[in-house]
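> In UniProt numbering, the protein residues as written are 1 to 256. Ideal placement from N, C-alpha and C gives every residue a C-beta, glycine not left out.
Here it is in structure tokens:
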């Protein structure tokens with residue numbers, strides 16, 4: 001930026017660099033997605049195609065920002081984890097938050113026709129974003145465990161709620177029946193009244209989506225017509241338990 005008499009205005013800018021040595025988590029949430037889902041007639045309680053679109057958008061973000069270590073998503077929410085040593089954009093909060101949010105939103109719009117070809121995009125999807133710092137591996141894992149536990153709690157409630165509504169109850173009646181109930185009651189309700197074993201539902205619904213980089217084989221044709229196999233790291237979507245230790249033992253590099 002050239003020096004001039006107006007350069008003094010730079011003193012009004014704030015230093016928003018995030019603390020060093022901490023894990024950075026950027027969490028995105030859909031704005032007004034209840035109405036957005038109704039407008040586009042998403043299936044209840046879970047629309048697989050819409051969830052796959054969220055996952056594909058997260059993968060696009062991870063391809064754009066190679067610093068991201070892993071991501072976790074549920075419903076209209078996604079969390080992206082940057083490592084402690086990350087120096088991307090000087091750890092400036094505004095830069096990281098705005099770029100990840102805009103990349104995710106742009107990818108969501110761009111990929112929409114691939115996942116929902118029969119549903120024209122009728123409104124602009126919006127995602128807000130925030131940055132939160134976690135000082136240790138334990139607090140980062142607890143954050144991700146919290147989000148996965150939230151996935152289960154919300155999905156169990158929504159599965160019961162929409163089963164009741166589809167059986168003829170109004171939204172108000174379904175909410176009143178479920179208000180204050182525990183997981184045991186909801187599981188029994190699904191099994192006894194609707195023949196649904198909650199634990200048999202797809203893990204995507206019960207556990208959310210985890211995106212990590214894994215080695216994927218790619219086959220390319222050479223100029224002379226031969227096939228050449230190469231491996232490269234690609235963001236891959238998993239649906240698994242990240243609360244217990246097993247996942248972290250299998251993927252020890254994530255916390256390295």
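Take the Cβ of residue 144 as the centre, count every other Cβ of all protein chains shown within 10 Å, and call the residue buried at 16 or more, exposed below.
Buried, because 16 or more other Cβ atoms sit within 10 Å of the Cβ of residue 144.
> Quick check: the Cα distance between residue 24 and residue 132, rounded to an integer number of angstroms?
C-alpha separation (whole angstroms): 6 Å.
> Would you list the residues sitting across from residue 240 in a DSSP beta bridge?
DSSP output for residue 240 lists no bridge partner at all.
> On the DSSP bridge list, what partners appear for residue 221?
DSSP output for residue 221 lists 227 as bridge partner(s).
> For residue 183 and residue 156, which I take to be in contact (beta-carbon distance under 8 Å), what is that distance rounded to the nearest angstrom?
Confirmed, about 6 Å.
> Tell me which residues share the same chain as residue 231 and place their Cβ nearer than 8 Å to its Cβ, disregarding the 5 neighbours each side in the sequence.
215, 216, 217, 218.
> Just reading off the beta strand (DSSP E) that residue 127 is part of, what are its end residues?
Residues 127-134.
> Three or more C-beta pairs under 8 Å: does that hold for the segment 77-84 against the segment 13-32?
Contact holds: three or more Cβ-Cβ distances are below 8 Å.
> Quick one: is residue 105 buried, meaning 16 or more other Cβ sit within 10 Å of its Cβ, or exposed?
Label assigned to residue 105: buried.
> Pull up the DSSP beta-bridge partners for residue 112, would you.
DSSP output for residue 112 lists no bridge partner at all.
> Closest to residue 138 by C-alpha separation, out of 19, 248, 16, 20, would be which residue?
Out of 19, 248, 16, 20, 248 has the C-alpha closest to the C-alpha of residue 138.
> Evaluate residue 58 with the Cβ neighbour count: other Cβ atoms within 10 Å of its Cβ, from every protein chain shown; 16 or more gives buried, anything less gives exposed.
Under this definition residue 58 is a buried residue.
> Return the residue from the list 208, 32, 11, 234 that minimises the CA-CA distance to residue 73.
Among 208, 32, 11, 234, the Cα nearest to that of residue 73 belongs to 208.
> Starting from residue 81, trace the beta strand (DSSP E) in both directions and tell me its first and last residue.
Element bounds for residue 81: 77-82.
> Determine the burial state of residue 112: buried for a count of at least 16 other Cβ atoms within 10 Å of its Cβ, exposed for fewer.
Classification of residue 112: buried, given that the 10 Å Cβ count is 16 or more.
> Excluding the 5 residues preceding and the 5 following residue 164 in the sequence, name in chain order all residues of the same chain whose CB lies nearer than 6 Å to its CB.
Closer than 6 Å at the Cβ level, and outside the excluded window around residue 164, lie 174.
> Taking the alpha helix (DSSP H) that residue 71 falls in, what are its first and last residues?
Note, residue 71: premise wrong, no alpha helix (DSSP H); beta strand (DSSP E) at 70-74.
> Candidates 92, 88, 177: which alpha carbon is nearest residue 18's?
The residue with the shortest Cα to Cα distance from residue 18 is 92.
> Sort 189, 176, 252, 228 by Cα distance to residue 159 and report the nearest one.
The candidate whose alpha carbon is nearest that of residue 159 is 189.
> Would you report the Cα separation of residue 10 and residue 4, rounded to the nearest angstrom?
Near 11 Å, if we compare the C-alpha coordinates of residue 4 and residue 10.
> List the residues that DSSP assigns as beta-bridge partners of residue 235.
The partner list for residue 235 (beta bridge, DSSP) reads 213.
> From the DSSP secondary-structure annotation, give me the bridge partner or partners of residue 25.
Paired residue(s): 81, 132.
> On a Cα-Cα basis, can you pick out the residue from 101, 177, 82, 127 that is closest to residue 134?
Per the Cα distances, 82.
> So for residue 30, helix, strand or coil by DSSP?
Residue 30 falls in the strand class under three-state DSSP.
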